[in-house]
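One structure is given below, encoded as C-alpha cells.
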Ligand SMILES: [Zn+2]
Ligand SMILES: [Zn+2]
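Numbering (our numbering), first residue to last: 466 to 806.
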C-alpha cells in the first residue's frame, strides 16, 4: 500500500491560533490553511508554502500575515492567498501600513484571490511596484478554488455572521504504470496510456474500449487491473468559526464528505450552546455530529475557548463521543476517562 503524501499539522496545537500546515511529503511543497500567529514556527518550516487559504479576517485567523510576508519578501516567486470576498482589501490595508521605498528590486509577488458565490477575482500585489494593487482575471467559481497536478482545494462559504470559508484539500488520485506488467503483456508505452489514465480518472465504465494500437481495442477494466497502480488520494477538511445552522450543516457535510481527517473548531461545550450560537460558533457535540454525518475517518477538534482551560479533555471527549454515536451526558464524562482534570 502506498502511503498518502499529505501531512497536516496544527502549528499552534488545539488551543492556539488556527494555522494548519499541510505538507506534501517528498515534494518539498506545502499549503497553509488559516493564518493565525505563526511566529513560533521556524522559517524553514514555512518556506515551502505556496498557497494560503484564509477562512476570514478575524485577528486570530489572519494576524500571521505580516510574519509570512516578511519571511517571503526577499524571495523570488509568487505566493497565492485565497479568502472570502473582501480579503484583497484586508491585504491592501495591511500592506499600506508599511513603507516600501526599497523593494523595487524584489521579485516577490502576492496574488490574492477573493472567492465569491459564483466567481473568483484575483488581485496582484508586486513588491517591485510597491505593492500597488493590480486587477487580474475573474474566473467562475463552482466549488473548486485551486487545482494543480497534485492537489485540488475546494472552498465552501459558511455563515459566521460574515463569511467564514471552509476548505478541503484533496490529493488527486495516483495512477502509476507498472513497467514490468507492460513489458510482460508485450505492450509498448505510448499516448494510449494517458488516454487510459484519463478514462480511469473520469470514472469511465470498465468495458470502455481503449485503443492501444491501430485496430487493437481492449476493455479499460482489464488494462487498469493489469497495468496501473491506483492509489486513492487523501482528503483533509477544515472548518472554523461557523454557526450550527441547517444551511451551514449541509455545506459542511458536503465539503467534509469522506475526509480522512476533519479539522473542526470546537470552542464550546454543548452545555454552553447558547453562548456558542450567539457567537456564531460550534459546540464540541455539534462538531462530532457533523463529522459523523460526513463519515470522516478521523475528527480532530481544535480552536478551544480559553474559558475551558484545564478542561480541554472534556471538549475532546464530548466531540469524539458524538462522532462515535454514543449517547453521552456531560456528568458522565469524568467517569469515562480517568485522564480528565
Ligand atoms: Zn476564530
Ligand atoms: Zn471568527
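Every residue gets a Cβ at the ideal spot worked out from N, C-alpha and C, and that includes glycine.
In this text the structure is predicted, and so the values were computed from the model without any measurement.
What does the Cβ neighbour count give for residue i, buried or exposed, with the cut at 16 atoms within 10 Å?
i	result
residue 484	buried
residue 785	buried
residue 567	exposed
residue 517	buried
residue 564	exposed
residue 614	exposed
residue 795	With a pLDDT of 40 at residue 795, under the threshold of 50, the predicted position of this residue should be treated as unreliable, though the coordinate-derived value follows. Exposed.
residue 524	exposed
residue 612	exposed
residue 747	buried
residue 529	buried
residue 631	buried
residue 770	buried
residue 629	buried
residue 506	buried
residue 663	exposed
residue 502	buried
residue 803	At residue 803, the pLDDT of 36 sits below 50, so the modelled position is not reliable; the number obtained from the coordinates is stated separately. Exposed, because fewer than 16 other Cβ atoms sit within 10 Å of the Cβ of residue 803.
residue 694	exposed
Hey, out of the options, whose CA is closest to residue i's CA?
i	options	result
residue 743	713, 718, 661, 708	708
residue 671	661, 680, 679	661
residue 781	757, 772, 753, 771	753
residue 641	628, 549, 732, 665	665
residue 581	622, 631, 526, 595	622
residue 831	727, 500, 557	Limits of the chain in this structure are 466 at one end and 806 at the other, which puts residue 831 out of reach.
residue 521	479, 620, 748	620
residue 701	507, 764, 741	764
residue 510	472, 539, 648, 571	472
residue 777	475, 479, 556, 761	479
residue 498	548, 506, 716, 758	548
residue 790	761, 772, 774	761
Using 8 Å for Cβ pairs, my map puts residue i next to residue j. What's the rounded Cβ distance?
i	j	result
residue 609	residue 634	With a Cβ gap of about 11 Å, residue 609 and residue 634 do not count as contacting.
residue 718	residue 755	6 Å
residue 779	residue 734	6 Å
residue 768	residue 731	7 Å
residue 569	residue 713	Contact doesn't hold; Cβ gap of about 46 Å is too wide.
residue 685	residue 669	6 Å
residue 536	residue 512	7 Å
residue 574	residue 543	4 Å
Under 8 Å, Cβ to Cβ, is there at least one residue of chain C near residue i?
i	result
residue 499	The chain inventory of the structure shown lacks chain C, comprising one protein chain alone.
Flag residue i as yes when its Cβ comes closer than 7 Å to any non-hydrogen atom of ligand 2, and as no otherwise.
i	result
residue 521	yes
residue 625	yes
residue 742	no
residue 710	no
residue 629	yes
State yes or no: is the C-beta of residue i nearer than 7 Å to some heavy atom of ligand 1?
i	result
residue 705	yes
residue 737	no
residue 670	no
residue 483	yes
residue 613	no
residue 525	yes
Does the stretch 480–495 touch the stretch 645–656, meaning 3 or more C-beta pairs lie closer than 8 Å? no
Contact between the stretch 675–695 and the stretch 595–602: three or more CB pairs below 8 Å? no
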